[in-house]
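Each residue of the sequence shown is one higher than the one before, starting from 489 at the first, in my numbering. Ideal placement from N, C-alpha and C gives every residue a C-beta, glycine not left out. Treat the numbers as computed from the prediction; the structure is a model and nothing was measured. Right, one structure below, let's go through it.
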Amino acid sequence: MPKTVIDIDDEALAKAAELLGTATKKDTVNAALRDVVARHGKAVAVADFLADLDAGLYADLLDSEVMGQAWR
């Protein structure tokens, strides 16, 4: 992994380390980057689900007749 020199807000880094449970600056920055990527992926998945919901893809789940036959 290449080394990069950057200026970091020490107060924000300390708060992030506390929230993430990390002990070093390197671990904190890497954990924060992974967290941002994961959150974005989840946001995309939720947006896709909501688009499918709006398109009526899950309409059968609200139909009691269809759901009544689901487990037969």
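Residue span of the alpha helix (DSSP H) that contains residue i, given as start and end
i: glycine 556; result: 552 to 557
i: lysine 503; result: 498 to 508
Anticipated Cβ contact below 8 Å, residue i with residue j, distance rounded
i: threonine 512; j: alanine 519; result: 10 Å between Cβ atoms; not a contact.
For residue j and residue i, the rounded distance between their alpha carbons
i: glycine 556; j: alanine 539; result: 26 Å
i: aspartate 536; j: alanine 558; result: 25 Å
i: aspartate 515; j: serine 552; result: 50 Å
i: leucine 508; j: alanine 531; result: 20 Å
i: valine 517; j: glycine 544; result: 41 Å
i: arginine 522; j: glycine 529; result: 11 Å
Completely contained beta strand (DSSP E) runs for the stretch 514 to 543, where each covers 3 or more residues: You should have found no qualifying run.
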